[in-house]
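Q:
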Amino acid sequence: MSIKNAFLAITIALLSIWIISLSPHKAQDTYAQTSSTLTSGVSVTIEEETTGGGGNNNNPATINFSGFTSPDAIVTFLRNSSVIGTALSSSDGMFEKSATVSPGFITFGIRSRDAQGLRTQTSELTINVSGGGHINISNIFLSPTITADKFKLRQGGTLRIHGSTFPASIVRIFNNFAADETPIGEVVANTSGLWEYFFPTENLGEGEYSIKVNAQMETTHLVSPFSEDLEFTIAEIMCSGADFNLDTRVNIIDFSILIFYWEKNPALGNITNICTDLNTDEIVNIFDFSILMHEWTD
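For what it's worth, full-length UniProt numbering labels the leading residue of the sequence shown as 1, then goes sequentially.
1. Quick check on the burial criterion: 16 or more other C-beta atoms within 10 angstroms. Buried or exposed for Leu-246?
2. What residue from Thr-219, Ala-235, Gly-185 and Ile-137 has the CA that sits closest to Lys-212's CA?
3. Within the segment 149-229, note down every full beta strand (DSSP E) run reaching 3 residues or more, in order along the chain.
4. Near Glu-263, which residues of its chain fall below 8 angstroms by C-beta distance, leaving aside the five closest residues on each side in sequence?
5. Given Phe-232, which residues of its chain have a CB within under 8 angstroms of its CB, disregarding the five upstream and five downstream residues?
6. Please report the residue range of the alpha helix (DSSP H) in which Ser-256 lies.
7. Of the choices Phe-105, Tyr-197, Ile-63 and Pro-103, whose alpha-carbon is the least far from that of Gly-163?
8. Assign Thr-39 to one of two classes, buried (16 or more other C-beta atoms within 10 Å of its C-beta) or exposed (fewer than that).
9. Can you tell which of Ser-82, Asn-190 and Asp-229 has the C-alpha that lies nearest to the C-alpha of Gly-93?
10. Please check the pair Ile-110 and Phe-77, which I expect to be a contact at CB under 8 angstroms, by giving their CB distance rounded to whole angstroms.
11. Let's see if you can read the secondary structure: which residues bound the beta strand (DSSP E) around Met-238?
12. Terminal residues of the continuous alpha helix (DSSP H) containing Ser-290?
13. Are the CB atoms of Ala-215 and Thr-165 nearer to each other than 7 angstroms?
14. For the beta strand (DSSP E) that Ile-106 lies in, which residues bound it at each end?
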């Protein structure tokens with residue numbers, strides 16, 4: 001073959017490839033997997049299946065949610081702040097839900113209310129939903145819930161904070177009054193997803209403080225967003241000896257108050273009266289009773 005003929009053959013081949021590339025072709029299903037991050041900090045996996053070929057972009061899309069929270073929680077799903085459905089998490093804390101939505105830029109929100117009535121933070125994710133697509137949003141790890149046994153206590157008292165999360169997760173406690181983000185402690189949720197932590201306050205002065213928590217799953221190492229801030233106040237509480245009701249007398253009323261806390265730490269619980277611990281040994285017992293009898297007026 002001459003050089004001229006070889007050059008002509010190459011030119012024809014390149015021209016054929018260019019023509020084929022411009023020709024219509026059959027649409028094929030395409031699949032894409034991406035990682036995204038909810039605005040509240042939780043990582044999710046998005047798997048999107050779209051159909052090529054210029055289909056009707058106004059067709060509804062199917063969104064499949066799946067993730068983790070505390071057991072037997074009511075999970076609520078939002079589309080641009082409007083509820084599009086609810087689901088009940090399983091006894092092991094997993095949930096899933098499918099919803100059909102119109103295409104467009106959508107902010108999805110997911111939150112849950114645990115068996116104790118406490119609510120997680122709302123995790124949000126904004127994505128562009130294609131018409132007729134199928135999007136799987138998985139690995140949604142909702143924040144722990146949090147509350148306390150009291151919200152006002154004396155300096156040196158112990159604050160019991162508790163809540164729920166995915167079972168066996170590591171719950172890390174952070175304070176909002178420190179310069180860094182180092183956790184001040186951690187606990188492991190039990191098999192029911194319940195957790196509690198006893199926070200000492202002897203190093204805190206009078207004032208207002210707040211605490212937050214997040215959780216990390218032991219197996220997958222997924223990390224949840226932070227919980228809501230738990231606010232509490234350290235206040236000076238002035239005790240007047242055994243006069244617990246401050247009526248200037250020590251009598252049967254004060255005795256009944258002391259008996260209410262018998263064999264308990266009066267700094268803990270839904271109803272507190274730190275003053276009943278007259279000898280400050282964190283338990284109300286015969287020693288406090290003897291002090292009360294010594295101060296008896298009636």
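Yeah, the Cβ is synthetic: ideal placement off N, Cα and C, and Gly gets one too.
A: Checking against the coordinates, here is how it stands:
1. Indexing the sequence shown from 1 puts residue 246 at position 246. Per the 10 Å Cβ criterion, exposed.
2. Mapped onto the sequence shown, residue 212 falls at position 212. It is Gly-185.
3. 158-164, 170-175, 185-188, 194-200 and 207-216
4. The residue given as residue 263 occupies position 263 in the sequence shown. Same-chain partners within the cutoff: Ile-283, Val-284 and Asn-285.
5. Your numbering for residue 232 matches position 232 in the sequence shown. So the list reads Ala-148, Lys-150, Phe-151, Lys-152, Leu-153, Leu-159, Glu-208, Tyr-209, Ser-210 and Ile-211, once near-sequence residues are dropped.
6. To locate residue 256, count along the sequence shown from 1; it is residue 256. Where Ser-256 is concerned, the enclosing alpha helix (DSSP H) stretches over 252-260.
7. Counted from its first residue, the sequence shown places residue 163 at position 163. It is Tyr-197 whose Cα lies nearest to the Cα of Gly-163.
8. If you number the sequence shown from 1, residue 39 lands on position 39. Low local confidence applies: a pLDDT of 44 at Thr-39 is under 50, so the model's placement there is unreliable, with the coordinate-based value given in what follows. With fewer than 16 other Cβ atoms within 10 Å, it is exposed.
9. Locating residue 93 in the sequence shown gives position 93, counting from the first residue. Looking at the Cα atoms, Asn-190 is the closest of the given residues.
10. In the sequence shown, residue 110 corresponds to position 110, counting from 1. In the sequence shown, residue 77 corresponds to position 77, counting from 1. Going by Cβ atoms, the distance from Ile-110 to Phe-77 rounds to 6 angstroms, so yes, they are a contact pair.
11. By one-based count along the sequence shown, residue 238 stands at place 238. Element bounds for Met-238: n/a, residue is neither H nor E.
12. Within the sequence shown, numbered from 1, the residue matching residue 290 stands at position 290. Its alpha helix (DSSP H) spans residues 286-294.
13. Locating residue 215 in the sequence shown gives position 215, where the first residue counts as 1. Locating residue 165 in the sequence shown gives position 165, where the first residue counts as 1. Going by C-beta atoms, Ala-215 is nearer than 7 angstroms to Thr-165.
14. Within the sequence shown, numbered from 1, the residue matching residue 106 stands at position 106. Run containing Ile-106: 104-113, per the beta strand (DSSP E) assignment.
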